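Trainee: First the structure, then my questions, so here it is.
Here is the structure:
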């Protein structure tokens with residue numbers, strides 16, 4: 217494609233329809249690997265740069281709408297403004313970096329990769345997290361990490377109500393206050409191994425200056441998802 | 050789904066172009082609400098003893114001049130009538146109760162959309178662009194407004210079911226969301242003597258706030274009571290004579306985004322509707338938290 221001659225390839229969403237840009241980003245990975253792409257005037261459009269599976273470096277120069285960088289694989293996507301609901305939802309790998317704030321359900325069901333949000337994140341952040349790493353520079357809203365199964369969730373600010381409700385094996389690290397914990401979520405003592413996970417994530421997300429020892433870890437009390445003989449009558 | 054927009058213009062020089070500033074905001078919410086649209090605009094006040102009555106006829110060929118003549122003849126009082134397609138604003142110094150009785154008696158087919166000294170309401174079925182064209186939204190002048198684009202999920206698509214709703218003079222509300230206890234609220238409120246015009250769930254929320262304020266609550270206290278009693282999802286945006294106010298339900302189910310700029314405050318369901326406002330890059334853009342009340346005064 218013509219655009220490939222240019223590095224970075226620059227798209228203007230005021231001029232080029234989103235579908236055309238996304239189709240370009242879905243070209244054969246071998247033609248895309250190593251390329252940089254800039255998307256100008258995103259103006260809150262939905263579904264920007266979804267379903268990527270090539271080694272691309274994408275910069276969205278402004279505010280993105282819903283599901284930006286959803287289902288991402290391998291690519292690095294930087295959103296210079298804020299992101300709407302469901303940023304990096306079901307991400308499999310790669311890195312998504314939101315420099316502003318993110319709305320609800322960021323990294324919902326994300327399996328792998330790293331989501332960095334410099335500002336605050338909305339409600340239900342990392343809901344049903346399945347293995348990705350999520351680092352939020354600000355605070356997160358209520359019901360975050362609901363039923364989170366695997367992965368690591370680092371919050372430099374505060375957390376809202378019901379953090380980690382019905383959580384499985386995901387690990388949560390909070391530096392600020394937690395308004396309330398959800399069912400079956402409890403404080404944990406940070407092991408040397410978990411401290412290393414946290415320290416590495418802080419470095420990767422641009423918070424190398426933050427002391428890992430200033431976080432409280434939370435996780436599952438494991439009373440909800442194991443069979444308990446007292447509950448036998450319920451089956 | 051539905052989309053909401055709100056705009057309060059701080060820069061006095063820009064108030065004559067509030068319609069032009071708002072139009073892309075409303076049209077930007079078309080995908081969220083393609084079946085009806087409406088807005089409440091707060092413009093220049095009528096005389097101290099006068100009030101505006103926003104009327105809706107349902108047909109373009111309604112004889113508004115005759116209504117004006119009949120009104121003056123029957124009631125021996127001056128009235129101005131300003132028609133705009135199937136809407137008209139009637140301006141008179143006669144007290145509202147008498148006007149309402151007269152309208153009901155002589156023009157039962159008309160809907161009285163609002164009463165106030167500053168506020169006009171326009172709402173109708175059609176895409177936001179069609180409704181805006183029909184009532185010349187582009188040339189509206191005023192200080193602030195609330196607007197709505199509707200995707201009906203719980204009651205019929207008619208002009209009366211479109212937003213905004215009103216619960217008192219110079220008081221309007223638009224809603225994105227759905228209430229699951231609208232019918233029980235309605236039964237409770239009718240028992241308190243509150244009258245309903247439609248079976249719309251937003252009207253139930255509107256009448257609930259009307260009732261609370263009648264019982265002496267200020268808007269903030271009324272909304273705090275609302276958090277206890279309104280069951281469902283809502284982002285509510287209200288316009289009164291001198292302010293805009295916004296709340297979101299405890300679960301933050303319905304979106305809202307705010308841009309605060311020296312020249313204006315703009316609110317919409319999504320950033321798409323704010324993207325084209327002047328100098329938006331230098332506005333403070335943020336998401337309102339659930340269960341918090343945001344108020345912007347003129």
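Protein chains in written order, with the numbering used here: chain A, 217 to 451; chain B, 50 to 347.
The beta carbon of each residue, even a glycine, is placed where N, CA and C say it ideally should be.
Just so we're clear, the structure is a prediction, and the values are computed from it rather than from any experiment.
Could you tell me the alpha carbon to alpha carbon distance between residue 167 of chain B and residue 193 of chain B, rounded to whole angstroms?
Mentor: Position 118 of the second chain, counted from the first residue, corresponds to residue 167 of chain B. Position 144 of the second chain, counted from the first residue, corresponds to residue 193 of chain B. Taking the straight line from one Cα to the other gives about 10 Å.
Trainee: Assign residue 252 of chain B to one of two classes, buried (16 or more other C-beta atoms within 10 Å of its C-beta) or exposed (fewer than that).
Mentor: Locating residue 252 of chain B in the second chain gives position 203, where the first residue counts as 1. Burial call: buried.
Trainee: Is residue 290 of chain B closer than 8 Å to residue 219 of chain B when the C-beta atoms are compared?
Mentor: Stepping through the second chain from its first residue, residue 219 of chain B is reached at position 170. Stepping through the second chain from its first residue, residue 290 of chain B is reached at position 241. Yes, they are a contact pair.
Trainee: Pick helix, strand or coil for residue 226 of chain A, following the three-state DSSP scheme.
Mentor: Your numbering for residue 226 of chain A matches position 10 in the first chain. Residue 226 of chain A: strand per DSSP, three-state reduction.
Trainee: Hey, how far is the Cα of residue 332 of chain A from the Cα of residue 330 of chain B?
Mentor: Reading the first chain from its first residue, position 116 is the one you call residue 332 of chain A. Reading the second chain from its first residue, position 281 is the one you call residue 330 of chain B. Those two C-alpha atoms are separated by around 22 Å.
Trainee: Out of A:351, A:272, A:355 and A:254, state which residue places its alpha-carbon closest to the alpha-carbon of residue 367 of chain A.
Mentor: By one-based count along the first chain, residue 367 of chain A stands at place 151. Per the C-alpha coordinates, the member of A:351, A:272, A:355 and A:254 positioned closest to residue 367 of chain A is A:351.
Trainee: Can you check whether the CB of residue 364 of chain A is closer than 8 Å to the CB of residue 342 of chain A?
Mentor: The count along the first chain starts at 1 and reaches residue 342 of chain A at position 126. The count along the first chain starts at 1 and reaches residue 364 of chain A at position 148. Contact flag set, yes.
Trainee: Under 8 Å, do residue 373 of chain A and residue 397 of chain A count as touching if we go by C-beta distance?
Mentor: Position 157 of the first chain holds residue 373 of chain A. Position 181 of the first chain holds residue 397 of chain A. Contact annotation: residue 373 of chain A and residue 397 of chain A have beta-carbon atoms that are not nearer than 8 Å.
Trainee: Please give me, in chain order, every unbroken run of the beta strand (DSSP E) with length at least 3 that falls completely inside the region 273–299 of chain A.
Mentor: DSSP runs (the beta strand (DSSP E)) wholly in the region 273–299 of chain A: 273–277 and 292–295.
Trainee: Give the C-beta separation of residue 211 of chain B and residue 174 of chain B to the nearest angstrom, bearing in mind that I take them to be a contact with Cβ-Cβ under 8 Å.
Mentor: Locating residue 211 of chain B in the second chain gives position 162, counting from the first residue. Locating residue 174 of chain B in the second chain gives position 125, counting from the first residue. Beta-carbon to beta-carbon, residue 211 of chain B and residue 174 of chain B are separated by about 7 Å, close enough to satisfy the 8 Å threshold.
Trainee: Among the residues of its own chain, which have a CB less than 7 Å from the CB of residue 161 of chain B, if the five just before and after it don't count?
Mentor: Position 112 of the second chain, counting from 1, holds the residue named residue 161 of chain B. Correct list, in chain order: 102, 104, 149 and 152.
Trainee: Excluding the five sequence neighbours on either side, which residues of its own chain have a C-beta within less than 7 Å of the C-beta of residue 189 of chain B, listed in chain order?
Mentor: Counting from 1 along the second chain, the entry for residue 189 of chain B is found at position 140. Once the five neighbours on either side are set aside, the close Cβ partners of residue 189 of chain B are 67, 68 and 90.
Trainee: Three Cβ pairs or more, each shorter than 8 Å: is that satisfied between the region 230–240 of chain A and the region 278–287 of chain A?
Mentor: no
Trainee: Relative to the alpha-carbon of residue 11 of chain B, which residue among B:323, B:116, B:200 and B:55 has its alpha-carbon at the smallest distance?
Mentor: In this structure chain B extends from 50 to 347, so residue 11 of chain B is not present and cannot be described.
Trainee: Assuming residue 391 of chain A contacts residue 360 of chain A under a Cβ cut-off of 8 Å, what Cβ separation, rounded to an integer in Å, is found between them?
Mentor: In the first chain, the residue the question calls residue 391 of chain A occupies position 175. In the first chain, the residue the question calls residue 360 of chain A occupies position 144. Not confirmed; about 14 Å, so no contact.
Trainee: DSSP three-state label for residue 186 of chain B, please.
Mentor: In the second chain, the residue the question calls residue 186 of chain B occupies position 137. Three-state DSSP puts residue 186 of chain B in a helix.
Trainee: Might you give, ordered along the chain, the residues of its own chain that have their beta carbon closer than 6 Å to the beta carbon of residue 301 of chain A, omitting 5 neighbours on each side?
Mentor: Position 85 of the first chain, counted from the start, is the residue given in the question as residue 301 of chain A. 282, 319, 320 and 321.
Trainee: Please classify residue 270 of chain B as buried or exposed, where buried requires at least 16 neighbouring CB atoms within 10 angstroms.
Mentor: Here residue 270 of chain B refers to the residue found at position 221 of the second chain. With fewer than 16 other Cβ atoms within 10 Å, it is exposed.
Trainee: Since residue 291 of chain A meets chain B, which of its residues come closer than 9 Å, beta carbon to beta carbon?
Mentor: For the purposes of this step, residue 291 of chain A is taken as residue 75 along the first chain, with counting starting at 1. Going along chain B, no residue has its Cβ under 9 Å from residue 291 of chain A, so there is no contact; the nearest lies around 23 Å.
Trainee: Return the CA-CA distance between residue 111 of chain B and residue 196 of chain B, expressed in angstroms with no decimal places.
Mentor: Start at 1 with the first residue of the second chain, and residue 111 of chain B comes out as number 62. Start at 1 with the first residue of the second chain, and residue 196 of chain B comes out as number 147. Near 25 Å, if we compare the C-alpha coordinates of residue 196 of chain B and residue 111 of chain B.
Trainee: According to DSSP, is residue 198 of chain B part of a helix, a strand, or is it coil?
Mentor: Along the second chain, read from residue 1 onward, the residue named residue 198 of chain B stands at position 149. Note: residue 198 of chain B maps to strand in three-state DSSP.
Trainee: Once DSSP output is grouped into helix, strand and coil, what is the label at residue 168 of chain B?
Mentor: As a working note, residue 168 of chain B is residue 119 in the second chain. Three-state result, residue 168 of chain B: strand.
Trainee: Decide if the region 271–287 of chain B is in contact with the region 431–439 of chain A; the criterion is three or more beta carbon pairs, one per stretch, under 8 Å apart.
Mentor: Touching, no, given that fewer than three Cβ pairs across the two stretches are closer than 8 Å.
Trainee: For a contact defined as C-beta to C-beta under 7 Å, what are the partners of residue 319 of chain B on chain A?
Mentor: In the second chain, residue 319 of chain B corresponds to position 270, counting from 1. What residue 319 of chain B touches in chain A: 260, 281 and 300.
Trainee: Taking residue 339 of chain B as the reference, give the member of B:272, B:314 and B:244 with the closest Cα.
Mentor: Within the second chain, residue 339 of chain B is the residue found at index 290, counting from 1. Cα-wise, what sits closest to residue 339 of chain B is B:272.
Trainee: With 16 other CB atoms within 10 Å as the buried threshold, where does residue 344 of chain B fall?
Mentor: Position 295 of the second chain holds residue 344 of chain B. Exposed, by the Cβ-count rule.
Trainee: Can you give me the C-alpha to C-alpha distance between residue 416 of chain A and residue 383 of chain A, rounded to a whole angstrom?
Mentor: Within the first chain, residue 416 of chain A is the residue found at index 200, counting from 1. Within the first chain, residue 383 of chain A is the residue found at index 167, counting from 1. Roughly 23 Å between the two C-alpha positions.
Trainee: In chain B, what lies closer than 8 Å to residue 339 of chain A by C-beta?
Mentor: By one-based count along the first chain, residue 339 of chain A stands at place 123. Per Cβ cutoff of 8 Å: 300, 301 and 339.
Trainee: Looking at the structure shown, is residue 77 of chain B part of a helix, part of a strand, or coil, going by DSSP?
Mentor: As a first step, residue 77 of chain B is located in the second chain; it is residue number 28 there, counting from the start. Residue 77 of chain B: helix per DSSP, three-state reduction.
Trainee: Can you name, in chain order, every residue of its own chain whose Cβ lies under 7 Å from the Cβ of residue 410 of chain A, other than the five neighbours on each side?
Mentor: Within the first chain, numbered from 1, the residue matching residue 410 of chain A stands at position 194. Cβ within range, chain order: 387 and 433.
Trainee: Between residue 249 of chain B and the rest of its own chain, which residues show a CB-CB distance below 7 Å, the 5 nearest in sequence each way excluded?
Mentor: Taking the second chain and counting its residues from 1, one reaches residue 249 of chain B at position 200. Hits under 7 Å: 204 and 210.
Trainee: Taking only runs that begin and end inside the region 236–307 of chain B, name each unbroken beta strand (DSSP E) of 3 or more residues, in chain order.
Mentor: 281–289 and 292–297
Trainee: Work out the CA separation of residue 133 of chain B and residue 172 of chain B for me, nearest whole Å.
Mentor: Translated into positions along the second chain, residue 172 of chain B becomes position 123. Translated into positions along the second chain, residue 133 of chain B becomes position 84. Rounded to whole angstroms, residue 172 of chain B to residue 133 of chain B spans 12 Å at the Cα level.
Trainee: Does residue 256 of chain A come out as helix, strand or coil in the three-state DSSP assignment?
Mentor: Your numbering for residue 256 of chain A matches position 40 in the first chain. Here residue 256 of chain A sits in strand by DSSP.
Trainee: What does a CB cutoff of less than 6 Å around residue 73 of chain B pick up in its chain, not counting 5 residues either side in sequence?
Mentor: By 1-based counting over the second chain, the position of residue 73 of chain B is 24. Excluding residues within five positions, the ones whose Cβ falls inside 6 Å are 325.
Trainee: Quick check on residue 412 of chain A: buried or exposed, where buried means 16 or more other Cβ atoms within 10 Å of its Cβ?
Mentor: The residue you call residue 412 of chain A lines up with position 196 of the first chain. Exposed, because fewer than 16 other Cβ atoms sit within 10 Å of the Cβ of residue 412 of chain A.
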